[in-house]
Amino acid sequence: MEDYASSDEDYHYDSDQDDSVEAYENDEDYALLSSKGPTTKVITKESLLVAQKEDLRRVMEMLSVREQHARTLLIYHRWDVEKLFAVYVDKGKAFLFGEAGVSVDQHPDSDSSVPSTVMCYICMEDVARVETTRMDCGHCFCNSCWIEHFIVKINEGQSKRIRCMQHKCNSICDEAVVRTLLSRKHPGMAEKYERFLLESYIEDNKRVKWCPSTPHCGNAIRVEDDELCEVECSCGLQFCFRCLSEAHSPCSCLMWELWAKKCRDESETVNWITVHTKPCPKCHKPVEKNGGCNLVSCICGQAFCWLCGGATGREHTWSSIAGHSCGRYKEQEKSAERAKRDLYRYMHYHNRYKAHTDSFKIESKLKETIQGKIAISEEKDSTLRDYSWVNNGLSRLFRSRRVLSYSYAFAFYMFGDELFKEEMTDAQREIKQNLFEDQQQQLEANVEKLSKILEEPFETFSDDKVVEIRMQILTLSTIIDKLCQKMYECIENDLLGSLHLGIHSIAPYKSKGIERASELSVCWNNKVNTGVTAELDRPSGSGSSDDNGCSSRKRARKDGLGGGFFDLNLPAEFIDRN
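So in the UniProt record's numbering, spot 417 of the sequence shown is number 417, and the numbers just go up one at a time.
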């Protein structure tokens, strides 16, 4: 590797960078300058009730409705309070309630108008009036039929929106009535119903998703702004909020899904094929040589030379193959087979992706080593006491390694034929590729410089030399941050943005790295009074559940990335455990 720290030309530092360099020297101060505060919240089993009550309270105050009606409205609108209010303003209260199945008109029973026995039109039996229940919509049936109806709907997974039994009635049953009737004879089913209602805040809320940790940590994450973001749970797992896979920007979710699958399916196979086979010049299938002769035949019948891969006749002697000679060097480019080209192209990007992944794994071990160096330096009789710049530089190295690694997966699909063949001409693709690769190479070179400098034994240096190292790390951190930001802007504006394909949007770049979600405050938890405990250790939901207890609809695709994958988003202290 080139000695990046040996040349004065490696660092282009000027006085205009003073402010940014000083900001990087103290990462906490820089956070105040560049961030408006946490925009993601961790919802634990203690704070789930509080989170749900916040939205319920807003709707109850705005529309002057009871809690069960507010919950029905929110479940229908997937807990999007702003959307609910927008419908209310645009189309009115009657439309809002009718669309969601909320009936607020009361139909009180009167002793003078209602007989002592009532015909239940479900079981067609006369039932004592006290054994019947009338819903807000006005329909009245016997309690036994109501209970059976509730049990069937809960077992079918429709517990969050149980409709009235009357034909063509769209009203949603009062949750208090459901709870009361079930608790008389089926308390276990009543608890299940309560749990489904509680977890609907997560299952049906596009701004809230379960943390995809395995085993499940019991937390959910709520985003306050755009759901296209990368977040870190309090358990330490970093993931993409949109697709619930590992954080993968600058790849889009679709790109990363395709890349992860391709690596799982092909990484080991590619290594074996590269070493042991060569592609047939006719059908392009890999052919393994099983003998000593260099004239080999494919199952399609094509004979070719093992040395150069060129098609030949089938006749040969001990010293030559008829009609063929590859011993002489010829200044000409052979027509590359498509299969071989595609294989080599994948190997190019995969090898570099893997190289930066491996570098990240090795560099993650630097953290403990650097802490030892800092401890030694602080014990020395020196005027230098603050070594936070070393840790900040190491954090910058980890974040930039992650960006570099995923940038190769992005480039594989951005400039290939699989996704954007019809979106760009060959000339446009070449221009975009050159633009991106220039930025990628600049970032790569500076990351390698930073990596080399951080490995220096600065604890043995003089104060003047340490000051020089410090300035180099601060300068490189500033440069790398700007290069990462520039790369993301290039992707968003010049590459993906010009194609106007929303499906390939990427999470925005954050200088401070992936934001760690803050705990949701439970300061007014004493006001919560519901008869249910929020058990999030095993989320059940109304959808099907996997072995980890999380609903399959909002569960992460954690089917393993195997095949040499290494999670670049794990904290450094967890690297050695894997």
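Heads up, the beta-carbon is just placed ideally off N, CA and C, and yes, glycines get one too. Keep in mind that this is a model prediction, so the values were computed, not measured.
>> By the three-class DSSP mapping on this structure, what secondary structure does Trp-79 have?
In response: coil
>> Among the candidates Cys-123, Gly-138, Ile-122 and Pro-115, whose CA atom is the shortest distance from the CA of Arg-129?
In response: Pro-115
> Considering Ile-491, what are the terminal residues of the beta strand (DSSP E) in which it resides?
Replying inline: Ile-491 -> no beta strand (DSSP E), and no H or E assigned at all.
>> Classify residue 582: buried if its beta carbon has 16 or more other beta carbons within 10 angstroms, exposed otherwise.
In response: With the chain represented from 1 up to 578, any question about residue 582 goes unanswered, as that position is not in the structure.
>> Using DSSP's beta-bridge definition, name the partner residues of Leu-295.
In response: Cys-305
> Looking only at C-alpha atoms, which of Leu-394, Ile-154, Cys-169 and Met-60 sits nearest to Glu-99?
Replying inline: Cys-169
>> Among the candidates Ser-245, Leu-435, Cys-142 and Arg-516, whose CA atom is the shortest distance from the CA of Asp-494?
In response: Leu-435
>> Let me check one thing: in DSSP terms, what residues is Pro-286 bridge-paired to?
In response: Pro-279
> With distances taken from CA atoms, which of Phe-410, Ser-400, Leu-419 and Lys-449 is nearest Gln-485?
Replying inline: Ser-400
> Does DSSP classify Thr-117 as helix, strand or coil?
Replying inline: strand
> Excluding the five sequence neighbours on either side, which residues of its own chain have a C-beta within less than 6 Å of the C-beta of Cys-440, listed in chain order?
Replying inline: The sequence shown places Gln at residue 440, not Cys. Taken in chain order, the residues that qualify are Ser-407.
> Taking DSSP as the reference, what is the three-state secondary structure of Gln-485?
Replying inline: helix
> Where does Ala-409 fall in DSSP's three states?
Replying inline: helix
>> Measuring straight from C-alpha to C-alpha, what distance separates Tyr-13 and Trp-389?
In response: At Tyr-13 the pLDDT is 40, less than 50, meaning the model places this residue with poor confidence and gives no usable figure here.
>> Looking only at its chain, what residues have a beta carbon closer than 7 Å to the beta carbon of Trp-146, apart from the 5 residues adjacent to it on each side?
In response: Thr-133 and Leu-181
> Under the three-state reduction of DSSP, which class applies to Phe-239: helix, strand or coil?
Replying inline: strand
> Would the region 146-160 and the region 187-194 be scored as touching if the rule is three or more Cβ pairs under 8 Å?
Replying inline: yes
>> For Trp-210, list the residues DSSP reports as bridge partners.
In response: Ala-220
> What residues in its chain sit with their C-beta under 6 Å from that of Glu-257, if we drop five residues either side in the sequence?
Replying inline: none
>> Considering only the alpha carbon of each residue, which of Cys-123, Phe-95, Tyr-88 and Pro-212 lies closest to Val-42?
In response: Pro-212
> Going along the chain, which residues of its own chain have a beta-carbon closer than 6 Å to the beta-carbon of Arg-470, five neighbours each way excluded?
Replying inline: Trp-389
> Hey, is the region 447-459 in contact with the region 498-512, meaning 3+ C-beta pairs nearer than 8 Å?
Replying inline: no
> Under the rule that 16 or more other beta-carbon atoms within 10 Å means buried, what is Ser-215, buried or exposed?
Replying inline: According to the sequence provided, residue 215 is Pro. The question's Ser does not apply to it. So Pro-215 counts as exposed.
>> By the DSSP assignment, the alpha helix (DSSP H) with Arg-57 in it spans what residues?
In response: 48-63
> If you compare alpha carbons, which of Ser-377, Ile-480, Gly-101 and Ser-245 is closest to Val-467?
Replying inline: Ser-377
> For Asp-204 versus Arg-66, is the C-beta spacing smaller than 7 Å?
Replying inline: no
>> For Gln-442, which residues in the same chain have their Cβ closer than 7 Å to its Cβ, ignoring the five residues on either side in sequence?
In response: Leu-483
> Hey, Ser-234 and Ala-517 are a contact pair by Cβ (cut 8 Å); roughly how many whole angstroms apart?
Replying inline: 7 Å
>> Applying the 10 Å Cβ sphere with the 16-neighbour rule, what's the burial state of Arg-352?
In response: buried
>> Quick check on DSSP: helix, strand or coil for Phe-141?
In response: strand
> Where does Pro-108 land, buried or exposed, given buried means 16+ other C-beta within 10 angstroms?
Replying inline: Note that Pro-108 scores a pLDDT of 49, beneath 50, so its modelled location is shaky; the value from the coordinates is reported in the next line. Exposed is the call here.
> From what residue to what residue does the alpha helix (DSSP H) around Lys-41 run?
Replying inline: Careful: Lys-41 lies outside any alpha helix (DSSP H), inside the beta strand (DSSP E) at 40-43.
> Which residue from Gly-372, Lys-367 and Met-424 puts its Cα closest to that of Arg-396?
Replying inline: Lys-367
>> Using a 10 Å radius around the Cβ and a threshold of 16 neighbouring Cβ atoms, would you call Ala-31 buried or exposed?
In response: For Ala-31, the predicted structure reports a pLDDT of 39, less than 50, and the residue's modelled location is therefore unreliable. The matter cannot be settled from this model.
>> Using a 10 Å radius around the Cβ and a threshold of 16 neighbouring Cβ atoms, would you call Asn-392 buried or exposed?
In response: buried
>> What would DSSP say about Leu-33, mapped onto helix, strand or coil?
In response: At Leu-33 the pLDDT is 34, less than 50, meaning the model places this residue with poor confidence and gives no usable figure here.
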